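Below is one structure; the comments refer to it alone.
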Amino acid sequence: MKVLKFGGTSVGSVDSIKAVIGIIENNLAKEERIAVVFSAMGGVTNRLIEIGKMAASGNKEYVSFLQVVEERHFAVVRALIPVKHQSSTFAAVRGLFNELGDILKGVSWIRELSDRTLDLIMSFGERLSTLVISEILMGKGVNSEFCDARHIIHTSDQFGMAEVDFAVTDHQILEHFAKSTALQCVTGFIASTTDGVTTTLGRGGSDYTASILAAALEAECIEIWTDVDGMMTADPRKVANAFTIPSISYAEAMELSHFGAKVIYPPSLQPAFAKNITLKVLNTFNVDFEGTYVQKTANGKDYAITGISSIDEIALVNIQGSGMIGVAGISGRVFTALSFHDISVILISQASSEHSICFSVDPKNAARAIEVLENEFSSEIELGHIDSVGVEKNLSIIAIVGEGMKQSSGVSGKLFSVLGKNGINVVATAQGSSELNISVVISKGDLSKALNAIHGVFFQSETRSLNLFLVGVGLIGGTLLEQIKNQTQYLREEKLLNLNLAGLTNTKKMLLDADGIKPEEWKARIDEEGVKTSLPAFVQRMIELNLPNSVFVDCTSDKDIVQYYHMLLDASISVVTPNKVANSGSYAEYLSLQRTALKRGVKFLYETNVGAGLPIINTMQGLMASGDKFLKIEAILSGTLSYLFNSFGQGVRFADVVREAKEKGFTEPDPREDLSGADVARKILILAREVGVPLEPEDITIAKILPENCLAAKTVDDFFDEMEKSDAYFAELAESAASEGKKLRYIASLDHGRAHVELKAVDANHPFYNLSGSDNIVSFTTERYKDRPLVIKGPGAGAEVTASGVFADIMSISSYLG
Ligand SMILES: NC(=O)C1=CN([C@@H]2O[C@H](COP(=O)(O)OP(=O)(O)OC[C@H]3O[C@@H](n4cnc5c(N)ncnc54)[C@H](OP(=O)(O)O)[C@@H]3O)[C@@H](O)[C@H]2O)C=CC1
Ligand SMILES: N[C@@H](CC=O)C(=O)O
Ligand code: NA
Numbered sequence: 001m002k003v004l005k006f007g008g009t010s011v012g013s014v015d016s017i018k019a020v021i022g023i024i025e026n027n028l029a030k031e032e033r034i035a036v037v038f039s040a041m042g043g044v045t046n047r048l049i050e051i052g053k054m055a056a057s058g059n060k061e062y063v064s065f066l067q068v069v070e071e072r073h074f075a076v077v078r079a080l081i082p083v084k085h086q087s088s089t090f091a092a093v094r095g096l097f098n099e100l101g102d103i104l105k106g107v108s109w110i111r112e113l114s115d116r117t118l119d120l121i122m123s124f125g126e127r128l129s130t131l132v133i134s135e136i137l138m139g140k141g142v143n144s145e146f147c148d149a150r151h152i153i154h155t156s157d158q159f160g161m162a163e164v165d166f167a168v169t170d171h172q173i174l175e176h177f178a179k180s181t182a183l184q185c186v187t188g189f190i191a192s193t194t195d196g197v198t199t200t201l202g203r204g205g206s207d208y209t210a211s212i213l214a215a216a217l218e219a220e221c222i223e224i225w226t227d228v229d230g231m232m233t234a235d236p237r238k239v240a241n242a243f244t245i246p247s248i249s250y251a252e253a254m255e256l257s258h259f260g261a262k263v264i265y266p267p268s269l270q271p272a273f274a275k276n277i278t279l280k281v282l283n284t285f286n287v288d289f290e291g292t293y294v295q296k297t298a299n300g301k302d303y304a305i306t307g308i309s310s311i312d313e314i315a316l317v318n319i320q321g322s323g324m325i326g327v328a329g330i331s332g333r334v335f336t337a338l339s340f341h342d343i344s345v346i347l348i349s350q351a352s353s354e355h356s357i358c359f360s361v362d363p364k365n366a367a368r369a370i371e372v373l374e375n376e377f378s379s380e381i382e383l384g385h386i387d388s389v390g391v392e393k394n395l396s397i398i399a400i401v402g403e404g405m406k407q408s409s410g411v412s413g414k415l416f417s418v419l420g421k422n423g424i425n426v427v428a429t430a431q432g433s434s435e436l437n438i439s440v441v442i443s444k445g446d447l448s449k450a451l452n453a454i455h456g457v458f459f460q461s462e463t464r465s466l467n468l469f470l471v472g473v474g475l476i477g478g479t480l481l482e483q484i485k486n487q488t489q490y491l492r493e494e495k496l497l498n499l500n501l502a503g504l505t506n507t508k509k510m511l512l513d514a515d516g517i518k519p520e521e522w523k524a525r526i527d528e529e530g531v532k533t534s535l536p537a538f539v540q541r542m543i544e545l546n547l548p549n550s551v552f553v554d555c556t557s558d559k560d561i562v563q564y565y566h567m568l569l570d571a572s573i574s575v576v577t578p579n580k581v582a583n584s585g586s587y588a589e590y591l592s593l594q595r596t597a598l599k600r601g602v603k604f605l606y607e608t609n610v611g612a613g614l615p616i617i618n619t620m621q622g623l624m625a626s627g628d629k630f631l632k633i634e635a636i637l638s639g640t641l642s643y644l645f646n647s648f649g650q651g652v653r654f655a656d657v658v659r660e661a662k663e664k665g666f667t668e669p670d671p672r673e674d675l676s677g678a679d680v681a682r683k684i685l686i687l688a689r690e691v692g693v694p695l696e697p698e699d700i701t702i703a704k705i706l707p708e709n710c711l712a713a714k715t716v717d718d719f720f721d722e723m724e725k726s727d728a729y730f731a732e733l734a735e736s737a738a739s740e741g742k743k744l745r746y747i748a749s750l751d752h753g754r755a756h757v758e759l760k761a762v763d764a765n766h767p768f769y770n771l772s773g774s775d776n777i778v779s780f781t782t783e784r785y786k787d788r789p790l791v792i793k794g795p796g797a798g799a800e801v802t803a804s805g806v807f808a809d810i811m812s813i814s815s816y817l818g
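In terms of UniProt numbering, the sequence shown opens at residue 1 and continues consecutively.
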C-alpha cells in the first residue's frame, strides 16, 4: 500500500491535474494498491478565508470573488471530463457552491466568522478539488471513489488545529478501506468531530491526512507530490547552488523544516514516522526525478551537514543583570511568562556566566515580550538586580543541520570561520546537545551572503564562487580577463572554482551584474549595458550587493582609488592590485591598509607591485613571518629600464627602444614614471616597508637618468620629442660604459635602513651584469641567507606576467576562503 498526496500547485491548473492523473495511472498500471489525498486547488484555501472575512465584514463583493473560484473548478471539469459525463459533475460542483453560498450569506447576515465556521468554509476547498479529480478519474474508467475524510478522521473541536482521536480514526480508516477495492480519493486537511462538525488539521494538514492514513493502513511509503525537486540543501531562491538532498533522516527533516523549509511540514508526518514509513518528496512537474527520501536513518552521507535553513526575520530579546548570576528559577520565570502570553521562542542562548539570557522571537511579538518580562521582573528591575530588557531587530537566523556533525569535529569551526572571513558578525549562537543543529543569529542584510558562503564551504564538491569586481580593463586588466576566459573550464573542472565576474569598469562605463559577466562578452556587454562610470557608485553598489567571497581587483594606475580600499577592506572585501599607488603613499596609509585587512580577516594582495609576477613580496613575507632578518636588498626593479639598457647603444636609438618597451607593455601607462626613476623608487619603498623599515617617499634618493629637457616635458608626445633631441646624450652614456666592458644598470638598494636608486656601470663580475630583456633581479641578504644571498630573477614587466601575478593573488584568496 502506498499513499500519494498532491499539494495545491499539483492540483492548481488543468495542466497540472493532467500530470497528476498520469502519475496515478502509472501507479495503477503497476498494480500497486494506492490511496490518494488531495489539497485544495492552489490558492483556494486563502481565497476562501478572504471571502469569509469579506462576508463577515458586510462586503458584498465576496459574491464575485466566489464566482471566480467556482469558475476555476468549472474550467477543470470542462477541460478534463468527457462532455457526456460533465453535467453530473457540474451539478455536484454547483451543489457545493450553493451550500457554500448559503453559509456565506449566513456569515454576512450575522456578521460573525467563528473558527468553527471558518473551518467549514475552508473544507470546501478540498471537497471540491477531490470531487472533481475523482470524477475525472472515473471518466477515464478508473475504479475510484470520492472519500470525504470527515467521515473517517475524527478530532477534538479545537477548530483551526483539531486534535485527532487516533483510536476512533484508525478503526474507521481500516473499516472504510476494507469495504471497497476502488481507488480512494481522499480530501486532505479536513476532518470532523464525532458529532459530525467540520474541523481542520492545521498547518501541513493534507500531509497529516496522508500520514494518518498511511499509519493506519501500515503503508510502505508516502509520496508527497509537490512543485519542487524534493528537499534542497538550502532555499534555492537564496542559494543558486542549492541541490536536492537525496536522503535525509526524520530528525534532520524536522530540524530543517523548523527553520522555514516549506516543502514538507514534518510534525504533520509524525504518525508515519512513528511507524517507520518511508516518505518520498517528489515533483509533479519533473516526474522522473528521484526527489528526496525521508527515512528513520538517512543513507550514506557525502557531507558533514545535510542542509542549511534560515528564518528571514527575527527579533532578539536580551535580559541581563548581575542579580541573575547563580539564581535558580530566572530562566523558568522568563519562559513561563512568555508561554503564558503565547509568545513562541525560536532560539535560546545563555552564556555560562549566567549574566544574561537572550532568545529570539517573531518580530511581531517583540514589544509584547519586553512588556511581559518587564512586568514579570519589575521588582528586580527596581532593585537594580536586572539592568535591562532590550531588543535587537532586523536579524535573521541561519541553522546548519545534519546528523553527520556528531561524527565529525570542526563543523562549528568551519561555520564560524567562513562567517568571519566574509565579515559577517555573529550576534548570538545556539547548538543543542543533540548536535543536529547549530544556529547563528546574524544581521538580516548579511543573510544571502552568509547562506551562499556557508553553502559553498560545506558542500565542497559543488563549485565554489569567487565574485570579482574589476576596475581597469586596459593592458593588465584586459589580459587578466583573457587569462580568466582561457582558464574558466580548467578552474571549474579541476579546482571546482567559478570566477564570477560581477563588475567591471573603465573610465567611461561601468557594469555590475551579480549573476556574472562572461569574460568573452565583457566588451560587448559594457558597451551595450554599461552606464557612465562613477567609482563611488561602483563601490557602493558592490558593498550593497554584499556577495560572499568578493574581491576587488584594481588594474588602474589611478592615484585617488586608494580611498576606496579602506572602505572595501572595512566591508570585509579583499583587494588585489598591481597598482603601486596605495603602498607607496605615506607610511601611515600603508600601515592602515595592512591593519584594516588584518582586523577584518580579509586579504590585501599586491605581489605584482614589485617585479610583476615574480614571487618577490610573497617570499619576503614568508621570510619575515618565519623570523628571518633582512640585512640588505639590492635589486633591479624596472623591466622597462632593464630592457632599455639591454637593448640600446651601437646605433640603436634610445627613444626608439623606449617606444618598443611601451609597445611590449613594459612601461607604466605614462612611461615618464619609469624613466624618471619614480617607478623604481616606489618599488624599493614598498620592499623597505615589507621588511619593517618605515620609510616615506621623500626618504628615497633617486639618481636621474634623463637630462632636464626630457624631465620637463609636459606631455608624453613632448617627452618622446625631447628624447629624440637628446640622442647624443644617451649614446654617450652607452658608449662610455661599453668602452670599459661594462653595462648600465639602474640599481635600487636598501641598506641599514636607507634606500637609494642609482645608475651604475657594472662589469662582468657583477651579479647583475648578465640580464636580458625586461629581467628584474632581487638579491636578499638576510641572517639566514648571509653568505650567499637569496636571488630571484626573471622578466619583471609585461602584460602576461603581470596579469598572471594578479591571477595568482586571486587564486590565493580563493584558497584562503576555502
Ligand atoms: N605593465 C606592467 O608590466 C605592469 C603594470 N603594473 C600596473 O598595472 C596597472 C595597470 O597598468 P596598465 O594596464 O598598463 O594601464 P592601462 O592604462 O592600460 O589601463 C588602465 C585601465 O584603468 C582604467 N581606469 C583608469 N582610471 C580609472 C578610474 N578612475 N576608474 C575606472 N577605470 C579607470 C582605464 O580606463 P580607460 O580604458 O577608459 O582609460 C583602463 O581601462 C598600473 O597601476 C601599473 O603600474 C604593475 C606591474 C607590471
Ligand atoms: N613599468 C614597470 C612595470 C612593472 O611594475 C616596469 O617597467 O618595471
Ligand atoms: Na612580484
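Yeah, the Cβ is synthetic: ideal placement off N, Cα and C, and Gly gets one too.
Just so it is clear, the structure is predicted and the values come from calculations on it, not from any experiment.
* Asked: Within 8 Å: the Cβ of N609 and any heavy atom of ligand 3?
  -> yes
* Look up P266 in the DSSP assignment and say whether it is helix, strand or coil. => helix
* **One or two residues paired with A399 in a DSSP bridge** => S309, S439
* To do: Under 8 Å by Cβ, that's how I've got T45 and G125 pegged, so tell me the actual separation to the nearest angstrom.
  => 5 Å
* **Rounded straight-line distance, which links the Cα of S736 to that of I705** => 15 Å
* Asked: Nearest to F6 by CA position, among E376, G42, A304, is which residue?
  -> G42
* Taking 8 Å as the cut-off, does the CB of F630 come closer than this to any heavy atom belonging to ligand 1? -> no
* Asked: Just the Cα atoms here: how many angstroms apart are G205 and A450?
  -> 33 Å
* **contact_flag[the stretch 748 to 762, the stretch 605 to 614] where n(CB pairs < 8 Å) is 3 or more** => no
* Asked: Near N452, what residues of its chain come up, given a Cβ to Cβ distance below 6 Å and the 5 sequence neighbours on each side ignored?
  -> V239, P548
* **Range covered by the alpha helix (DSSP H) that runs through K725** => 716 to 725
* V372 (DSSP reduced to helix, strand or coil) -> helix
* Exposed or buried, what is P671 when buried is set at 16 or more other beta-carbons lying within 10 Å of its beta-carbon? -> buried
* To do: Measure from the alpha carbon of P536 to the alpha carbon of each residue in N646, D527, Y565, then state which is nearest.
  => Y565
* Indicate the three-state DSSP secondary structure (helix, strand or coil) for D775 in the structure shown. => Of the three classes helix, strand and coil, the one that applies to D775 here is strand, per DSSP.
* Any chance the CB of G474 is under 8 Å from a heavy atom of ligand 1? -> yes
* Confirm, please, whether the CB-CB distance from T226 to V281 is below 9 Å. => yes
* Verify whether the separation of the beta carbon atoms of I442 and L470 is less than 9 Å. => no
* **Stretch-stretch touch, CB-based, cutoff 8 Å, three pairs: the stretch 808 to 818 with the stretch 672 to 681** => In short, these stretches do not touch, since the Cβ pair count stays below three.
* Asked: In this structure, does DSSP put A351 in helix, strand or coil?
  -> coil
* Asked: Run through DSSP, which three-state label would C555 get?
  -> coil
* Would you check if there are 3 or more beta carbon pairs closer than 8 Å linking the stretch 528 to 543 to the stretch 501 to 519? => yes
* Asked: If you pair each beta-carbon of the stretch 303 to 316 with each one of the stretch 389 to 397, do three or more pairs fall below 8 Å?
  -> yes
* **Segment limits, beta strand (DSSP E) that includes Q650** => Run containing Q650: none; DSSP gives neither H nor E here.
* To do: Give the straight-line distance between the Cα atoms of S129 and E223, rounded to the nearest whole angstrom.
  => Looking at the two C-alpha atoms, the distance is approximately 19 Å.
* To do: With DSSP as the reference, label M41 as helix, strand or coil.
  => coil
* Best match in P707, G188, D718, L623 for proximity to L790 [C-alpha to C-alpha] -> L623
* Tell me whether K743 sits in a helix, a strand or coil according to DSSP, three-state version. => strand
* As assigned by DSSP and simplified to three states, the class of N283 -> strand
* Please report how far the alpha carbon of A797 lies from the alpha carbon of G601, in whole angstroms. => 31 Å
* To do: Quick one: residues in its chain with C-beta nearer than 6 Å to the C-beta of E255, no 5 flanking neighbours on either side, listed in chain order?
  => If we look at E255 and ignore the five residues flanking it on each side, its Cβ neighbours are V401, L436, N437.
* Three or more C-beta pairs below 8 Å linking the stretch 99 to 107 and the stretch 146 to 154 -> no
* Asked: In the DSSP assignment, what residue or residues form a beta bridge with F630?
  -> T782
* **Between the CA atoms of I397 and Y303 - distance to the nearest angstrom** => 22 Å
* Asked: Mapping DSSP to helix, strand and coil, what is K2?
  -> strand
* **Given 8 Å, three or more beta-carbon pairs between the stretch 163 to 183 and the stretch 29 to 36** => yes
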